[in-house]
Amino acid sequence: MQPISIDDKIRFVDTISSRRTNFGLPGASYHDPVFHECDMRSLWYKEWIFVGHDCELKKPGDWFTLQLGVYPILVTMGKDRVIRAFHNVCRHRGYPLCIDSSGSAKRRFKCQYHQWTYDLDGKLAFARDFDSELDKDAFSLKPIALESTGGYLFVSVSENPKPFQPLRDICESYLTPFDLKNAKVAHTSKIIEKGNWKMVWENNRECYHCKGSHPELTVSFPDGVWWNGMGGTEEQKKMVKEFNDKCEELGLRSGFDASEDASYRLQRIPLENGARSFTMDGEPAVKTKRLGILPLDEPVGDVLFYHYPSTWNHFLADHALSFRLLPISPTETEVTTKWLVPGDAVEGVDYDLETLTKVWIETNMQDQKLVEANQIGVSSPAYEPGPYNMSHESGVSQFVDWYCNTSVQQLN
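Sequential numbering from 1 applies to the sequence shown in UniProt numbering.
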C-alpha cells in the first residue's frame with residue numbers, strides 16, 4: 001500500500017479534531033476518499049474484526065472468504081480441527097485461492113490458475129513443473145491472526161495485533177450459556193447500504209428514530225433508555241434490578257460491562273411488553289428448543305454486544321443475531337446479518353423461517369433507507385454537524401468519541 005501523505009494526515013487529524021463535544025462529525029468524514037483510507041489504515045487494519053462463527057465450519061476443509069478493504073481473507077478448518085485464517089492469495093502469482101463465498105475442500109486447496117496446491121494448514125504441497133529445489137516452506141500461505149470467543153471468530157491483519165484476552169474474558173462470561181459453537185446459521189442476509197460505515201453505526205447506536213421507523217422491532221425492543229437501569233422512573237429502575245437479579249439466579253450474566261476504551265460492551269436488558277424474542281408477537285420463534293442452557297419459558301431478555309468497528313449482536317433464548325459491517329468504499333457498506341438457532345432445531349418443525357427473520361429483515365431495510373437518505377444530506381456542502389440529544393443519542397456520541405480518539409491516535 002502506498003503511504004498516506006503527510007498533508008493528507010494533517011488534514012484528517014485537524015478535521016476530526018475540530019469536532020465539537022456531543023456534536024456530529026464533519027461532512028468530509030462521511031465521503032472523502034482520503035478520510036476513508038485513513039479510517040481503513042487506523043482502524044480496520046489494526047483492530048480485531050468479526051468475520052464469522054465457529055459453527056459455520058463444521059468439518060475439516062470447510063471454509064469461507066471475505067474482503068476486508070484491500071485484503072482478501074480465507075478462513076478454514078484444518079485436519080486437526082483448528083480454525084485458521086490466511087491471506088486468500090496464492091504464493092505463485094497472487095490469484096485468489098478460493099473465489100466463492102464459502103465451500104469445502106476435500107483434502108487440499110488448489111489454485112485454479114496454475115494448480116499450486118496447499119494443505120489445509122496453509123503449507124505448499126505441490127507446485128506443478130517446479131524442480132525439487134523449490135523451498136516449499138518458503139511459499140506457504142501467509143497467515144492472519146485469528147481468535148475465537150463465545151462462538152465468534154475475529155481476525156486482525158495487523159502485524160502486531162492488540163491483546164485479545166480482555167475481550168475473551170468479558171465475552172465468555174456472557175456468551176458461554178448460549179453455546180453458539182453448537183448452534184447453526186438458519187439464515188443469512190447480505191445488503192449493500194449506500195452509506196459510509198460510520199453512518200451505519202450511528203444509526204445503530206440510538207433508538208431515537210425507532211418509534212417512527214421500526215414498528216416491527218418496537219413490539220419487543222424497548223424504546224428509550226430506561227432499560228439500562230440508569231434512566232427512567234423509579235418503578236422502571238426497580239423492574240430492571242429485579243430482572244437482572246432473576247437472571248443472575250439462573251446463572252446468566254447480567255448488568256453492564258465494557259472495555260476501558262469503550263470499543264466493546266456487553267449488557268443484558270429486558271424486552272418490552274413481556275416479549276421473549278424478536279417476533280411479531282414477542283413469542284419465541286424457535287418453539288421448543290433453546291440455545292445452550294437458556295430456559296424454555298423464563299423471559300431472560302436480550303444480551304447486547306457491540307465491538308467497534310465491525311459488529312453488533314443480539315442474544316435471545318431461542319436465537320441469536322450477528323451483524324457484520326465491512327466498508328466497501330467511502331459511501332458503501334456491506335451489512336451481513338445471520339440468524340443462529342439451536343443446532344438440533346429443524347426448519348418447518350421447530351421454527352418457521354419467516355417468523356424467525358421478519359422483524360430484522362424489515363428493520364434492516366428500514367435502516368438502509370435511513371442511512372442512504374442521511375448520506376445524501378451529509379454529502380451536501382450545506383451540511384453542518386448538529387448537536388446530539390443526550391437523552392436519546394448518548395450512544396452515538398460515545399461511538400463518535402471512540403472513533404475520533406482511536407483513529408487519530410492510531411494513524412501513523
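Note that the Cβ used here is the ideal one computed from N, Cα and C, for glycine as well.
Nearest to Ser156 by C-alpha distance, out of Ser220, Arg84, Leu356, is Arg84.
Residue pairing for Ala28: DSSP places it in no beta bridge. Setting aside the 5 residues that flank it on each side, Asn313 is surrounded in the same chain by Phe305, Ser322, each with a C-beta closer than 6 Å to its C-beta; the list follows chain order.
Shown here for Arg290: same chain residues with a beta carbon closer than 7 Å to its own, the five before and five after excluded, namely Leu296, Ala317, Asp318, Pro342 in chain order. A straight-line Cα-Cα distance of about 18 Å links Gln267 and Glu393. Membership of Ser397 in any beta strand (DSSP E) is not indicated; the residue belongs instead to the alpha helix (DSSP H) covering 394 to 410. Non-local C-beta neighbours of Arg168 in its own chain, meaning closer than 6 Å and more than five positions away in sequence, comprise Thr149, ordered along the chain. Taking 8 Å as the cut-off, the Cβ atoms of Tyr30 and Ser379 count as close. In the structure shown, Thr21 falls within a coil segment according to DSSP collapsed to helix, strand and coil. In this structure, Pro96 keeps its C-beta atom at 8 Å or more from the C-beta atom of Met77.
By DSSP's assignment, Glu347 forms a beta bridge with Tyr351.
At a Cβ-Cβ threshold of 8 Å, Glu193 and Glu372 count as neighbours.
An exposed status is given to Glu242, since fewer than 16 other beta-carbon atoms sit within 10 Å of its beta-carbon. Ranking Val200, Tyr45, Asp80 by CA distance to the CA of Thr331 puts Val200 first. By DSSP's assignment, Ser156 forms a beta bridge with Ala145. The residue among Glu202, Ala183, Gly274 with its C-alpha nearest the C-alpha of Val219 is Gly274.
The C-alpha of Phe315 lies about 32 Å from the C-alpha of Glu159. Of the residues Asp39, His53, Ile4, the one whose Cα lies closest to the Cα of Leu340 is His53.
Burial check for Glu47: the Cβ neighbour count within 10 Å reaches 16 or more, so the residue is buried.
In this structure, Val34 sits near Phe12, with a CB-CB distance shorter than 8 Å. Exposure of Thr233 is indicated by the presence of fewer than 16 other C-beta atoms within 10 angstroms of its C-beta. Asp119 and Thr21 have their C-alpha atoms spaced approximately 52 Å apart.
In the three-state reduction of the DSSP assignment, Gln368 falls in the helix class.
For secondary structure counted as the beta strand (DSSP E) over 3 or more consecutive residues, the region 210 to 289 holds these complete runs in sequence order: 256 to 258, 264 to 269.
Between the C-alpha atoms of Arg91 and Lys123 there is a straight-line separation of about 11 Å. Distances from the alpha-carbon of Glu384 to those of Ser5, Ile4, Ile10, Ser18 put Ser18 closest. When secondary structure is reduced to three states using DSSP, Asn88 falls in the coil class, being assigned neither helix nor strand. The alpha-carbon separation between Ala320 and Gln115 amounts to approximately 40 Å.
With a 10 Å radius around the Cβ and a threshold of 16 neighbouring Cβ atoms, Tyr113 comes out exposed.
In the DSSP secondary-structure assignment, Arg324 is bridged to Thr311, Thr336. Residue environment for Ser277: buried (at least 16 other C-beta atoms within 10 angstroms of its C-beta). Cβ-Cβ distances below 6 Å link Gly255 to Asn244 in the same chain, with the five nearest sequence neighbours on each side left out; the list follows chain order. Note on geometry: alpha-carbon atoms of Glu249 and Val300 lie some 11 Å from one another. The Cβ atoms of Phe50 and Ile144 lie no closer than 8 Å to each other. Pro387 has Phe23 as its beta-bridge partners, per DSSP. Secondary structure at Lys184: strand, using DSSP grouped into helix, strand and coil.
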